[in-house]
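The block underneath contains the structure these notes are about, expressed in structure tokens.
Numbering (my numbering), first residue to last: 2 to 761.
In structure tokens:
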């Protein structure tokens, strides 16, 4: 009534008042003036100006009226419980840790990729907590990013659910939110805000009381919300996904076909939506075996088509998120489907769209925020869920710039890999010194190659032409450094098939032989190097021929044929001398020294390795010098000069640690341990040799691990026979796996420890 009395005191008619307020008509003003409805704040401000009332006076009265109305509505609605939750999923399983985390927080944002089970978890948690929050259980569908619900309309529905009549629902968003908070205050309430799009949509819907339980689901992280617990939901592991499948289709069917069940959920990427779909398909067709459906999902091109059951549709779920992002992000998302490896960073993403790396990085972050991609375990890199990758692959096939984008990516990967590999090559030994300079030091080159190696191999497969051999010629330095023998093998085989000439083919065969030696397949390695020598001879390529002889000797080490190896290493050294190639000559001498050490011709080995070391001095390639120092240390230990040997191995170890050469580091630790044992430092010796054994195990070098275990067993046997035997037995097992002649020596050692002549 205050507005009515003030207007009359000024002598204004209702029509005149409407004109002063800037309103076209005056209908409805009387309801506000007589207190039948509370006017919006902007109208109250206009009344203050028109009636020349003290600034803020009418607004204070309005706030008082709002509070009184809220109190009255709270009294009226307090007795009426609200239960709006959708039905719980009867066969819900797992997520115990996530449930506990949600129950422990007042407000939780559950985010994650489409189909990961956000809504199912939120509703399940709400049902679990109905006894703890019996007064109010509100569920609000916010409709996601494609067609987000207006928070004012959502509040209107919530207020009506809380007992407010339609006539009493305030008009403005702020007033509705204030009344909503008042109605929830003091009540044991839980609120599920499902499929939220933005922070602005959610904020008005948050209860003011901290004793309410609020769960928000969104494909976005809603990073702008403060004071909330964020739970990024990921796909469960295989066992949990199989358990979920068993709850849907029955445990008997899963136990009858356990391997097919595991394959089935793996084809689904363990995504709960996909597992639910295949489960529903199987319950709808009880005569189908799990193997039958697994076979249908094996074809990646048809997998998303099979992942549909009624209105449950994996492709449609992904499409909703895709449709919500702008064109630039859509282009990047679908072209990321071209990436051949498991993850990607901003530089690679930039090549796919022509954007700068900085722009590409921001778009990647945006796609991750939209849960279309996810951060990989490596900082600054991202990855797809398997099914989202298939979806991107489908989309990119219709992209008119698909081939151009793929070509740009392949070209960048191969070109940059060559530049980075050149940075790791000894001075003057890189094939492509003119390929361009890598923008970084040794560590930067190694880091880049570590990150992109799988993508580089994939790019080589996509190229499938002479560029493969060009890549291999220098990429080999990195693959050898990191002992990535499987990649080395696969790339070498591809280079053989695409070699444009005999010399290139010889190089590819030599690389393949090196890879097989790294994989401890020494017979295959020897065959490859023999073939390389033949091709290099036919091509008139003496340097590649010398390389073949030298690496053939290395392969023969694994077969225990050290005398033959000596002959081949000498052939390589002779060619190197004839060509005046110090790199070939020094490498051959280094390997010759190793073979002589194995033959226990330590004095000869010392002379050879000192010559090799002299050739490496001043070369600017510390790794080569370290290799020769390490071999020299072995010779010196064989001669009983353990202090000198220790110095050699320690010098080598410093370099190998600095360059990240894990295989050579393990070799140096083995040699250092033997030198320390000779100096009577048994504890330190066991530590070094034990670490070498662990490292060779990680690198899967069974031959070197067998040799290290033999050394460890021999060392420990000096003080404890019982502890030594397990090491020697493990060594024997490795040698027997390889069919290596070294096994006889270990058998004899075990027999001596047993005090018998047993053949076991």
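A virtual CB, placed ideally from N, CA and C, is assigned to each residue, including glycine.
What you are looking at is a predicted structure, and each value in this text was computed from that prediction instead of being measured.
- Looking at the DSSP output, residue 657 sits in no beta bridge, so it has no partner there.
- Uninterrupted beta strand (DSSP E) stretches at least 3 residues long and entirely within the segment 203-253 occur at 214-219 and 230-233, given in chain order.
- Nearest C-alpha to residue 474 among 719, 181 and 513: 513.
- Residue 328 and residue 313 have their alpha carbons spaced roughly 26 angstroms apart.
- Separation of the CB atoms of residue 265 and residue 295 is rounded to 5 angstroms, and the pair is thereby assigned contact status at 8 angstroms.
- Check the Cα spacing between residue 96 and each of 119, 180, 84 and 517: the tightest is with 119.
- In the structure shown, residue 596 falls within a helical segment according to DSSP collapsed to helix, strand and coil.
- Considering only 100, 92 and 159, the residue with the shortest C-alpha distance to residue 84 is 159.
- Membership of residue 512 in the alpha helix (DSSP H) is indicated by the continuous run 503-519.
- Between residue 249 and residue 694, the alpha-carbon positions lie close to 47 angstroms from each other.
- Ranked by how close their Cα comes to the Cα of residue 630, the residues 641, 659 and 673 have 673 in first place.
- Only residues of its own chain outside the window of five on either side were considered, and among them 110, 200 and 203 have a CB closer than 7 angstroms to the CB of residue 226, listed in chain order.
- The continuous stretches of alpha helix (DSSP H) do not include residue 582, and DSSP gives it neither H nor E.
- The residue among 388, 397, 430 and 340 with its C-alpha nearest the C-alpha of residue 411 is 340.
- Note on residue 456: 16 or more other CB atoms within 10 angstroms of its CB, so buried under the neighbour-count rule.
- 7 angstroms or more divides the Cβ of residue 544 from the Cβ of residue 530.
- Residue 90 and residue 193 have their alpha carbons spaced roughly 16 angstroms apart.
- The three-state reading of DSSP puts residue 475 in helix, counting H, G and I together.
- Contact check for residue 377 against residue 344 passes: the beta carbons are separated by less than 7 angstroms.
- Residue 742 sits exposed, since fewer than 16 C-beta atoms from the chains shown fall within 10 Å of its C-beta.
- Take the alpha-carbon of residue 389 and the one of residue 423: they are about 36 angstroms apart.
- Counted as a single uninterrupted DSSP element, the stretch harbouring residue 117 is not any beta strand (DSSP E), since DSSP gives it neither H nor E.
- Taking a cut-off of 8 angstroms on C-beta distances, the segment 217-225 does not touch the segment 169-178, as fewer than three cross pairs fall below it.
- Rounded to whole angstroms, the separation of the alpha carbons of residue 298 and residue 717 is 54 angstroms.
- A contact is defined here as three or more CB-CB pairs under 8 angstroms, and the segment 493-507 fails this definition with respect to the segment 437-456.
- The segment 159-200 is shown to contain whole beta strand (DSSP E) runs of 3 or more residues at 190-197, in chain order.
- A residue is called buried when at least 16 other Cβ atoms come within 10 angstroms of its Cβ; residue 465 does not meet this threshold and is exposed.
- Going by DSSP, residue 728 is part of the alpha helix (DSSP H) stretching over 722-739.
- 274 is the residue among 332, 283 and 274 whose C-alpha sits nearest the C-alpha of residue 305.
- Beta-bridge annotation (DSSP): residue 494 is not paired with any residue.
- Scanning 365, 649, 639 and 252 for the CA closest to the CA of residue 92 turns up 252.
- For residue 139, the uninterrupted beta strand (DSSP E) segment begins and ends at 137-142.
- Nearest in C-alpha terms to residue 589, of all of 607, 613 and 405, is 613.
- By the CB criterion at 7 angstroms, residue 392 and residue 319 fall inside the cutoff.
- The three-state secondary structure of residue 383, taken from DSSP, is strand.
- Beta bridge pairing from DSSP links residue 112 with 219 and 233.
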